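*Asks:*
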Amino acid sequence: SQKIEQNSEALNIQEGKTATLTCNYTNYSPAYLQWYRQDPGRGPVFLLLIRENEKEKRKERLKVTFDTTLKQSLFHITASQPADSATYLCALAGGNNDMRFGAGTRLTVKP
Amino acid sequence: DSGVTQTPKHLITATGQRVTLRCSPRSGDLSVYWYQQSLDQGLQFLIQYYNGEERAKGNILERFSAQQFPDLHSELNLSSLELGDSALYFCASTRTPDFGKNIQYFGAGTRLSVL
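One line per chain: the protein sequences are A and B, in this order. For the first sequence, the numbering used here assigns the number 1 to the initial residue and increments by one for each residue that follows. For the second sequence, the numbering used here assigns the number 112 to the initial residue and increments by one for each residue that follows.
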């Protein structure tokens, strides 16, 4: 069955370091992969979208990679700040005409 | 502010009851998506409407139904409620119906508590 796994439930890092979040998937061939940020009690907010034929996308301090051979996406936040503390969700969309979300990784950036 | 409005913010009801959740998409968006988020299941896609027609179905129970009206607002109806239906319900909207290539704009959600 199709599965999406995000590396860990929680990730704690020190301010200024780079946070790296992982999204692995199995039995799926997504055409698009998206990353969202979700704060407690609020709806997800879109961050980045990457297509299956793209290797890397950047936006300010954010970078996402997409490796369809490894079936993995990495999401990096450089020079992390306490305000980056949130849950980050990866979402895959493909030919199944739906969008599947990972369970999320809760990132805490300590000052 | 995403521009997607969901009402009510909170809903407390009893098992066996029926509730209706409402969603107004962003101005100009024709497609509406409903998701359920519970602690143990993550964000689960339920159903999508595009310009009034059902477009895609996910893990939606038979006790749940939805519709999209001519003014493009959507309602999600949950009936014969069970304790396990307690969750956050989100609505999202996009301009076109294509999954993945569109940014989904999410509302703030409706928190449903079934007692």
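All C-beta atoms, glycine included, are put in the ideal place defined by N, C-alpha and C. The structure displayed is predicted, hence computed values, not measured ones.
Taking the C-alpha atoms as reference points, what is the distance between K166 (chain A) and N24 (chain A)?
*Replies:* No information on residue 166 (chain A) is available, as it lies outside the stretch 1 to 111 that chain A covers here.
*Asks:* Please classify L194 (chain B): does DSSP put it in a helix, a strand, or coil?
*Replies:* In this structure, L194 (chain B) counts as helix in the three-state DSSP scheme.
*Asks:* Could you check what DSSP says for A93 (chain A) in three-state terms: helix, strand or coil?
*Replies:* Three-state DSSP puts A93 (chain A) in a strand.
*Asks:* A79 (chain A) by DSSP, collapsed to three states: which one?
*Replies:* Here A79 (chain A) sits in coil by DSSP.
*Asks:* Just checking: is the beta-carbon of P111 (chain A) within a distance shorter than 8 angstroms of some beta-carbon in chain B?
*Replies:* Judged by the 8 angstroms Cβ criterion, P111 (chain A) is not in contact with chain B.
*Asks:* Measuring straight from C-alpha to C-alpha, what distance separates T108 (chain A) and W35 (chain A)?
*Replies:* Spanning the two alpha carbons is a distance of roughly 17 angstroms.
*Asks:* Within a Cβ cutoff of 6 angstroms, which residues of the same chain sit near T131 (chain B), ignoring the five residues on either side of it in sequence?
*Replies:* For T131 (chain B), where only same-chain residues beyond five positions count, the Cβ hits under 6 angstroms are E186, N188.
*Asks:* Taking Y32 (chain A) as the query, report the chain B residues whose CB atoms sit under 7 angstroms from its CB, ordered along the chain.
*Replies:* Within chain B, the residues near Y32 (chain A) are G211, K212.
*Asks:* My understanding is that S191 (chain B) touches G127 (chain B), with C-beta atoms under 8 angstroms, so please give their C-beta distance in whole angstroms.
*Replies:* Yes, S191 (chain B) and G127 (chain B) are in contact; Cβ-Cβ is about 6 angstroms, under 8 angstroms.
*Asks:* According to DSSP, is D67 (chain A) part of a helix, a strand, or is it coil?
*Replies:* It is a strand residue.
*Asks:* What is the residue span of the beta strand (DSSP E) that K3 (chain A) lies within?
*Replies:* Taken as a continuous stretch (DSSP letters only), the beta strand (DSSP E) holding K3 (chain A) covers 3-6.
*Asks:* Under 8 angstroms Cβ to Cβ from S197 (chain B), same chain only, skipping five residues before and after it: list those, please.
*Replies:* Closer than 8 angstroms at Cβ, skipping near neighbours: S149, L223, S224, V225.
*Asks:* Could you please give the first and the last residue of the uninterrupted beta strand (DSSP E) stretch that includes E15 (chain A)?
*Replies:* From DSSP, E15 (chain A) is part of no beta strand (DSSP E); its letter is neither H nor E.
*Asks:* Taking the beta carbon of R100 (chain A) as the centre, do at least 16 other beta carbons fall within 10 Å, making it buried, or is it exposed?
*Replies:* R100 (chain A) is buried by the Cβ-count criterion.
*Asks:* Is it right to say S29 (chain A) is buried, meaning 16 or more other beta carbons lie within 10 angstroms of its own, or is it exposed?
*Replies:* Exposed, because fewer than 16 other Cβ atoms sit within 10 Å of the Cβ of S29 (chain A).
*Asks:* With a CB to CB cut of under 8 angstroms and the five nearest residues on each side skipped, what residues in its chain are close to R166 (chain B)?
*Replies:* Excluding sequence neighbours, R166 (chain B) sits near S142, Q159, Y160, P208.
*Asks:* Given this structure, state the Cα-to-Cα distance separating S173 (chain B) from E164 (chain B), to the nearest angstrom.
*Replies:* Sequence check: residue 173 (chain B) is Glu here, not Ser. Distance between the alpha carbons of E173 (chain B) and E164 (chain B): 18 angstroms.
*Asks:* Leaving out five residues on either side along the sequence, give the residues of the same chain with a beta carbon under 6 angstroms from the beta carbon of T87 (chain A).
*Replies:* For T87 (chain A), where only same-chain residues beyond five positions count, the Cβ hits under 6 angstroms are Q38, G104, R106.
*Asks:* Can you pull the chain B residues whose beta carbon is under 8 angstroms from the beta carbon of G16 (chain A), in chain order?
*Replies:* Near G16 (chain A) there are no residues of chain B at all, since even the closest Cβ is about 29 angstroms away, more than 8 angstroms.
*Asks:* Which same chain residues, not among the five before or five after R133 (chain B), have their C-beta less than 6 angstroms away from its C-beta?
*Replies:* Result list for R133 (chain B): T118, E186, in chain order.
*Asks:* Of the residues A:R58, A:T18, A:V64, A:L49, which one's Cα is nearest the Cα of S85 (chain A)?
*Replies:* The shortest Cα separation from S85 (chain A) among A:R58, A:T18, A:V64, A:L49 belongs to A:T18.
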